[in-house]
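Mapping the sequence shown onto this note's numbering, position 413 (from 1) lands on 893, and the numbers just tick up by one. Step one of this worksheet: look at the structure below.
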Amino acid sequence: GINAEYGEPRTPAMSYPMYKHHPRYGWLDVRDRIPEHTPAPRYSALSYNLWFEGYHRTQEDRYHQESWLPRQRALLAIAREADADFLCFQEATAPSESSRDSFLELLSREEWIQREYFLSDLTGKTFNGQWYGVLIASRVPVREFRVIRLPSRLGRTAVVAHVNTPPGSEEIAIATSHLESPVGAESDADRIKQLAMVLEYMQASGVTTGMVMGDFNVTDEAAMSRIWEDRGWTDLNDGATTWFSENEYAGWRPDRVLLRSDAYACTSPAGVAERLGMAESGVSVSGFDGMVHTPSDHYGLRVTITRRHGGHTHNSSEPAASTPAVDPLDAALFSDLDRLTVDPRPVQSATRLGWCVQNVLPAVSPDSPMIFPPGLGVAGAVEALNSGHDWAYSECYVHSDSKNKWFRLWRQHGRWSLKFTCEACVVEPALVLPRANSVGAAVEGLTNGDHDWEFEVCYVHSDNQKQWFKLWR
C-alpha cells in the first residue's frame, strides 16, 4: 500500500491487524500469511449502518435483554442472509467496560463469521479513539486493511480492504466510511472533503476495480455527486430512500454504494443496489426522526458485480471430503483459506491467547428441541428434511457418527442443503464449568486459578444472555 497523504490534516493511511479465526487458537492476526486470490467472476457486498442507539443509554439488564440484544441479533441475521463477500458496517460498537455486548463482540462469536471471514477489527483499535466506527468483514483473502484518518471533529475514518490479487494483475479494493455528522449544511464541506480523500486514495493506490460504500450523510446531492462523477464513479443507489422515517427526513438517501471499474458491472436486480433490513424487528426504539421499528434507522444496501467479458476466474479445486458441497466460487475460497492453515508453523508462531473472550463459540443444550433424531448423519438428515420430515424449525443440529462431530443445518430459500451446513457445538455435560454464570466470570476464574480445571475446553451458561457457550484455551 501507499503512504500518500491527502487533505488537511495530513494523515497517512495506516495498516492494521487482519484477523482470521482458527478452530483451535481462536482469532489470530494473519497479516503476511494470506493466500493469493485470482480475481473472481463476481463479487457481492453489503453496506449497513447498524445504528449505535442504546449502547451507552443505560446499563439496565432489562433494556439489554429486551431491546439491545434482539436488535443486534436482527442485524446479524440480515448480514448473514445477505451472504455477501464483503460486509461493510458503520456505527459498529466496540467492547467496553460495561456488561453490554458490543456489536464487535457479538459478530466475532458468530460461527459463520469465524468460519468464513477476515475481520478488520476485533477491539475497536481502528476506531480512532471512538466507541464506534466502521468495519469490514471479507470472505475474500485481503492483502491488507488500511485505515484513513479523515479530517473530522468526530474521529471519522475510512477502512479499505485491498484484495490479495497476484502481483501485476488487477488491483481490487473495497472501502467503507461514515462521513461527518451532524446532518445539515454546516457539515457539507467536511463530508465533501472526506469523500474526496477516500476517492483520491483509491486512485493513488492504482485501484482498477473499486467500491466505496457507507453512510455518506448526503444532504447536498448536487455538490456530493460531482465529487464522484468527476472522478469516474457511479452511484448504485437508484433514488430509493435508505432512511426509516416518513417524517422530517422522509425520502432521504444517506447511504450510497459507488463503483468504478472497467472490468465489472453491477448485476444486482435492475442494475442497482438492493435494500435490506426494511422489515420490523419486533423492537421499537425512539430515534431523532420518530419511532424506529426496523433493526436500524438505516436500510442496508447489497450489490453484486460481475465481470463484463469473462476473463480470469478462480482456479477451482475439489473441496475436501469433510467440506459441504458448494458452488465453484465458494469451493475456491475454501481452498484459499485451507492454504492459510495447511502449514502449522504460522499458527504455532502466533501468540496464544489462553482463556479469553475471543475463544468462544455459542453452544446448544443437548436437550434442545432443535437436536435432530440420531442415526441418519448429515446427508441423511438433509434428505429426510427435503422429503417431508415433520420439522418445525428453520435449523437443526445433527450428529455425524463417522466424524464424531455435531453439525448445524439451516433452511434457506425453502430448501435444506449440504451447502447450508457448518460444524457446531453441543454441550458435553461432563465439561460444564461449575460456579460460573457468564463468559466473563468463567474466563476470569480460569485465568486466576479459581477453578481446578484440567481440561482444554469447558461449557458455560450465560444467565444474562440465556445461552450456552464453549470456551477453550
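Even for Gly, the Cβ is constructed at its ideal location relative to N, Cα and C.
Closer than 7 Å by C-beta to residue i: which residues in its own chain qualify, once you throw out the five before and the five after it? Chain order, please.
i, result
"Ser-547", "Gly-534, Val-763 and Val-765"
"Thr-722", "Arg-733, Pro-734, Asp-735, Arg-755, His-778, Tyr-779 and Leu-781"
"Trp-871", "Leu-865"
"Lys-605", "Tyr-496"
"Glu-760", "His-773 and Thr-774"
"Ala-745", "Ile-785, Thr-786 and Arg-788"
Excluding the 5 residues preceding and the 5 following residue i in the sequence, name in chain order all residues of the same chain whose CB lies nearer than 8 Å to its CB.
i, result
"Met-758", "Thr-774 and Tyr-779"
"Gly-929", "none"
"Val-912", "Cys-938, Tyr-939, Val-940 and His-941"
"Ser-439", "Residue 439 lies beyond the stretch modelled for the chain, which goes from 481 to 953, so this question has no answer here."
"Trp-933", "Leu-913 and Leu-926"
"Ser-882", "Gly-857"
State yes or no: is the C-beta of residue i within less than 8 Å of the C-beta of residue j?
i, j, result
"Ala-859", "Cys-905", "no"
"Ala-653", "Ser-618", "no"
"His-517", "Val-643", "yes"
"Ser-527", "Leu-738", "no"
"Tyr-612", "Phe-532", "yes"
"Leu-615", "Ala-572", "yes"
"Arg-636", "Glu-660", "yes"
"Ala-562", "Thr-603", "no"
"Arg-553", "Leu-841", "no"
"Ser-741", "Thr-699", "no"
"Arg-626", "Ile-514", "no"
"Leu-530", "Leu-555", "yes"
"Gln-594", "Ser-632", "no"
"Cys-1008", "Phe-900", "Shown here, the chain extends from 481 to 953; a query on residue 1008 therefore has no answer."
"Val-907", "Pro-849", "no"
"Arg-787", "Pro-521", "yes"
"Gly-855", "Ser-880", "no"
"Val-510", "Met-494", "no"
"Ala-861", "Val-837", "no"
Look up residue i in the DSSP assignment and say whether it is helix, strand or coil.
i, result
"Thr-606", "helix"
"Gly-694", "strand"
"Trp-531", "coil"
"Ala-812", "Note on Ala-812: pLDDT 40, under 50, position unreliable in the model; no value is reported."
"Val-937", "strand"
"Ser-880", "strand"
"Glu-908", "coil"
"Ala-745", "strand"
"Gly-613", "strand"
"Gly-920", "helix"
"Val-806", "In this prediction, Val-806 has a pLDDT of 32, which is less than 50 and means its spatial position is unreliable; what the coordinates show is noted afterwards. Correct three-state label for Val-806: coil."
"Met-498", "coil"
"Gly-767", "strand"
"Gly-635", "coil"
"Thr-927", "helix"
"Ala-703", "helix"
"Pro-799", "Here Pro-799 scores only 30 on pLDDT, less than 50, and its place in the model should not be relied on; the value that follows carries that caveat. Reduced to three states, the DSSP call for Pro-799 is coil."
"Trp-723", "strand"
"Trp-713", "coil"
"Arg-832", "Low confidence applies to Arg-832: its pLDDT is 42, below 50, so where it sits in the model is not reliable enough to give any reading."
"Trp-708", "helix"
"Gly-762", "coil"
"Arg-429", "Outside the displayed span of the chain (481 to 953) sits residue 429, for which this structure offers no information."
"Gly-757", "coil"
"Gly-648", "coil"
I think residue i touches residue j, with their Cβ atoms under 8 Å apart; what is that distance to the nearest whole Å?
i, j, result
"Met-693", "Ile-628", "About 14 Å; that fails the 8 Å criterion."
"Gln-683", "Arg-711", "7 Å"
"Asp-565", "Tyr-523", "5 Å"
"Lys-500", "Phe-598", "5 Å"
"Phe-949", "Val-919", "5 Å"
"Leu-951", "Ala-922", "6 Å"
"Val-687", "Ala-525", "Not a contact, Cβ separation roughly 15 Å."
"Ile-672", "Ala-703", "6 Å"
"Leu-586", "Asp-601", "Rounded, the Cβ-Cβ distance is 14 Å, inconsistent with contact."
"Glu-863", "Ala-743", "41 Å between Cβ atoms; not a contact."
For residue i, which residues from the same chain have a beta carbon less than 6 Å from its beta carbon, with the 5 sequence-adjacent residues on both sides left out?
i, result
"Glu-475", "The shown model of the chain, from 481 to 953, leaves out residue 475, and the question about it has no answer."
"Asp-718", "Val-752"
"Val-772", "Phe-724 and Val-765"
"Gly-834", "Arg-953"
"Phe-607", "Ala-574 and Gly-613"
"Ala-669", "none"
Check your understanding: Where in the stretch 512–593 do unbroken runs of the alpha helix (DSSP H), each at least 4 residues long, occur, reported from the N-terminal end onward?
Key -> 549–562 and 583–589
Point to revise | Ordered list of alpha helix (DSSP H) runs contained in the stretch 652–697, each at least 4 residues | key: 668–684
**Study point:** In chain order, each beta strand (DSSP E) run of at least 3 residues that lies wholly inside the stretch 834–904
**Key:** 840–843, 875–880, 885–892 and 895–904
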